[in-house]
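To convert, count from 1 in the sequence shown and add 17; that's this note's numbering. Accompanying notes for the structure given below.
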Amino acid sequence: MFRFLVAATLVLCQIGFAEAARLKDVVNIEGVRDNPLTGFGLVVGLSGTGDSGAAFTNQSLKMMLERMGISAEQAFKVKNVASVMVTATLPPFARQGSRLDVTLSSLGDAKTLQGGTLIMTPLKGADGRIYAVAQGALSIGGFAAEGGGASVQKNHPTVGRISDGAIIEREIKFNFNKEHNLQLALKNPDFTTASRIVGAINDLFGKGLALAKDSGTISVRIPEDYKRQVVSFVSRLEKMQVNPDQPAKIVVNERTGTIVMGDNVRVSTVALAHGGLSIKVKESPQVSQPNALGEGDTVVTPDTEIEATESDARLIEMEEGVTLGDLVRGLNSVGVTPRDLIAILQAIKASGALQAELEIL
């Protein structure tokens with residue numbers, strides 16, 4: 018409870034002194050984006066920790082050997098090879114010969130990829146074309162070992178990484194300097210934020226240069242002075258300071274008890290009572306024996322004690338327009354826990370007094 022209230026207070030202080038954000042942290046430029054690449058490959062050189070029964074591993078190994086001119090007609094089974102899915106991200110404006118980091122994830126029942134080497138693997142984009150080729154020795158940043166009755170493992174041994182393990186073979190054609198208009202996509206669409214960005218751009222470069230199409234898209238015409246110098250223009254745009262607006266929203270994660278509230282949260286006039294009922298049940302077995310000359314059996318009877326206590330409910334009143342700080346201080350005065358706070362917020366929302374969106378994860 019104490020940690021929650023301290024965190025809420027810190028958030029409140031930070032919001033009060035928040036600075037404007039850079040435009041590059043608020044928007045993305047249409048066309049300037051990463052592209053995911055994937056491929057299927059084989060890791061060889063494992064010390065008996067590879068796939069033991071994956072049919073696709075044996076089939077892929079057989080096809081690879083046949084391409085090298087080695088006949089593999091008979092069935093075989095090896096444990097030094099593992100099938101992996103290779104993933105990478107192709108950044109914008111990447112050029113041929115540049116290198117990418119790749120991640121390898123085991124597909125079969127391999128126990129660990131430690132000490133393995135990835136054989137040349139083509140990496141394809143969403144269009145099915147090959148954009149890079151990966152190969153090299155991988156690192157898993159951990160280990161796994163086991164014996165007859167015990168095992169030990171550090172980190173995740175079936176996922177590895179090769180730094181600069183892929184070479185770009187194909188470029189995505191995009192002549193940025195020939196653009197006449199830029200489309201800015203807001204990371205968090207908001208009409209107020211879009212309007213502020215348009216005003217800031219027009220104030221800096223001239224009226225009519227920027228136009229908001231909707232809450233998430235802004236069209237910017239490149240000035241004549243920056244034709245064929247779009248990079249310089251974008252550099253100036255990225256450094257602009259804007260004040261993004263935030264909707265009134267409360268995010269609640271009931272599984273972890275995490276609650277995040279924005280500074281724009283308001284509460285209408287409402288009275289809140291919080292009290293707790295505690296019931297304690299104690300049961301003790303009692304042995305009952307018959308008389309010495311009597312006939313009967315020894316029996317065990319339960320002795321139950323029930324104690325119920327209810328803490329005093331405290332009533333607090335929140336005036337109209339209560340801010341986040343007032344809400345935190347008010348709930349702190351009644352001693353609520355994060356889990357109780359979730360129920361209280363739901364009740365305030367149901368009453369119509371919470372002027373904010375309540376999202377429960």
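Here a beta-carbon is modelled for each residue, glycine too, at the ideal position from N, C-alpha and C.
Here F222 is buried, its C-beta having at least 16 other C-beta atoms within 10 Å.
Contact check between the stretch 176–184 and the stretch 232–239: fewer than three CB pairs, one atom from each, fall below 8 Å, which does not count as touching. Residue pairing of F57 in beta bridges, as defined by DSSP: M102. Annotated three-state conformation of K141 is strand, per DSSP. Here L82 is exposed. Its C-beta has fewer than 16 other C-beta atoms within 10 Å. Here the C-alpha atom of G56 lies approximately 15 Å from the C-alpha atom of V176. Taking the CA atoms as reference points, T134 sits about 5 Å from V61. In this structure, P261 and T210 form a Cβ contact; the two beta carbons are roughly 5 Å apart against a cut-off of 8 Å. Exposed is the label assigned to Q113, since fewer than 16 other Cβ atoms lie within 10 Å of its Cβ.
Just so you know, the alpha carbons of A111 and E186 end up roughly 10 Å apart.
A direct Cα-to-Cα measurement between L59 and N52 gives close to 23 Å. The C-beta distance from L40 to E374 rounds to 26 Å, too long to fall under 8 Å, and the pair is not in contact. Contact check for L78 against V101 fails: the beta carbons are separated by 8 Å or more. Counting only the Cα atoms, S252 lies some 15 Å from I214.
Annotation for V251: the continuous alpha helix (DSSP H) segment containing it runs V247 to E255. Distance between K128 and G67, taken at the CA atoms: about 6 Å. Between the alpha carbons of N205 and I136 lies a distance of about 42 Å.
D144 and T104 have their alpha carbons spaced roughly 15 Å apart. In this structure the stretch 138–152 does not lie against the stretch 191–203, because fewer than three pairs of beta carbons, one per stretch, are closer than 8 Å. Shown here, Q258 sits in a strand according to DSSP, grouped into three states.
Cβ-Cβ separation between P174 and L130: approximately 6 Å, consistent with a contact (criterion under 8 Å). Distances from the CA of T275 to each of I359, A99, M85 and A154 were compared; the closest alpha carbon is that of I359. By the criterion of a C-beta distance shorter than 8 Å, L362 is surrounded in its chain by I267, V269, I276, L371 and L375, once the five residues flanking it on both sides are discounted. With contacts defined by Cβ atoms closer than 8 Å, V237 and N198 form a contacting pair. Judged by DSSP secondary structure, G177 falls within the beta strand (DSSP E) whose first and last residues are V176 to I185.
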